[in-house]
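> Numbering (the UniProt record's numbering), first residue to last: 1 to 272.
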């Protein structure tokens, strides 16, 4: 007989310690991450907290909004580690929804985090490319925060436009509603670049093209038909592709990472 299988003891607090936020960076939980930023990134010790807060400045706001009853959707949630991070930091997850095309991730995540029955969040299989998907129809116009990290960059521009239009329809049509994420982008002008070994080449955005992506959703989502016309204000924060990810196509020097935010604002607010 072979060796007996050994169950892995996995503490979800370990995952929380890997995520960069201001609370962790000043705590003992983030000792390894703090050392990485200090030695590898050469960031002075006295600047670490402010650096992380600058990078993840929206996280405390999202946490606060969930406490106030905001609805949160994680698109392509995979193992739903982000929803669990919110729960770990004290946010109620009653109004949190995670969707993924592959429902097997939901079962795996419960086994990984050992939290079956502990979360109030709901998880559903959904196909964001099916406009008549029952769930996406049911939640139309009800989401205050939509998180879509490592998702858009899986597709070329036509499919990215389709995803953005679907997301725009589920967002609550009022100022302050947010869509945000982290993805691969272009260091210079936007272009289509092979990023992953499987699937179609990625359309890698610039700030200009990301703004255009969301502007394209306004009419179809009916945002101009509200009592006060709405539009999107998009912001990007660029950073290098992490060294441990620079393999294969990701070693392309034309590629960077971007954290992006698309916020609904009154249409006049986008005029400079």
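For every residue, glycine included, the Cβ atom is placed at its ideal position computed from N, Cα and C. Predicted model only: the values in this text are computed from it and were never measured.
For residue 253, I'd like the list of residues in its chain whose CB is within less than 8 Å of its CB, leaving aside the five on either flank, ordered along the chain.
Within the same chain, residue 253 has close Cβ partners 187.
> How is the alpha helix (DSSP H) around residue 246 delimited, first residue to last?
Note, residue 246: premise wrong, no alpha helix (DSSP H); not H, not E.
> Provide the residue span of the alpha helix (DSSP H) that contains residue 162, from first to last.
Its alpha helix (DSSP H) spans residues 157-170.
> By how many angstroms is the C-alpha of residue 95 removed from the C-alpha of residue 120?
Residue 120 and residue 95: Cα-Cα distance of roughly 8 Å.
> Excluding the 5 residues preceding and the 5 following residue 230 in the sequence, name in chain order all residues of the same chain whose CB lies nearer than 8 Å to its CB.
Within the same chain, residue 230 has close Cβ partners 173, 174, 175, 218, 223, 224, 264, 265, 266 and 267.
> Assuming contact is defined by CB atoms lying nearer than 8 Å, are residue 257 and residue 241 in contact in what I supplied?
Yes, Cβ-Cβ distance for residue 257 and residue 241 is below 8 Å.
> Residue 196 by DSSP, collapsed to three states: which one?
Coil at residue 196, not helix or strand.
> Return helix, strand or coil for residue 208, following the three-state DSSP convention.
Three-state DSSP puts residue 208 in a helix.
> Is it right to say residue 146 is buried, meaning 16 or more other beta carbons lie within 10 angstroms of its own, or is it exposed?
Answer is buried; the Cβ neighbour count reaches 16.
> Among 92, 127 and 70, which has the Cα closest to the Cα of residue 76?
Out of 92, 127 and 70, 127 has the C-alpha closest to the C-alpha of residue 76.
> Beta-carbon within less than 7 Å of residue 184's beta-carbon, same chain only, minus the 5 sequence neighbours each way: which residues are those?
Only 153, 195, 202, 204, 255 and 257 meet the Cβ criterion.
> Can you tell me where the beta strand (DSSP E) holding residue 119 begins and where it ends?
Looking at the DSSP string, residue 119 is not in any beta strand (DSSP E), and its letter there is neither H nor E.
> How would you label residue 114, buried or exposed, when you count the other beta carbons within 10 angstroms and need 16 or more for buried?
Counting Cβ neighbours within 10 Å, residue 114 comes out exposed, since fewer than 16 surround it.
> Between the stretch 95-111 and the stretch 64-80, can you find at least three pairs of beta-carbon atoms closer than 8 Å?
Result yes; three or more Cβ-Cβ pairs closer than 8 Å.
> Start and end of the beta strand (DSSP E) containing residue 262?
Residue 262 -> beta strand (DSSP E) spans 255-266.
> Taking DSSP as the reference, what is the three-state secondary structure of residue 90?
DSSP places residue 90 in coil when its eight states are reduced to three.
> Just the C-alpha distance for residue 143 and residue 64, rounded to the nearest angstrom, thanks.
Looking at the two C-alpha atoms, the distance is approximately 15 Å.
> Would you say the beta carbon of residue 205 comes nearer than 7 Å to a heavy atom of the ligand ZN?
Absent from the structure shown: the ligand ZN. Ligands present: none.
> Keeping to the same chain, check which residues put their C-beta closer than 6 Å to that of residue 80; ignore five residues upstream and five downstream.
If we look at residue 80 and ignore the five residues flanking it on each side, its Cβ neighbours are 98 and 109.
> Rounded to whole angstroms, what is the Cα-Cα separation between residue 25 and residue 150?
The predicted position of residue 25 is uncertain, since its pLDDT is 40 and thus under 50; no value can be drawn from it.
> Just the C-alpha distance for residue 166 and residue 191, rounded to the nearest angstrom, thanks.
Rounded to whole angstroms, residue 166 to residue 191 spans 23 Å at the Cα level.
> What does a CB cutoff of less than 6 Å around residue 220 pick up in its chain, not counting 5 residues either side in sequence?
Within the same chain, residue 220 has close Cβ partners 165.
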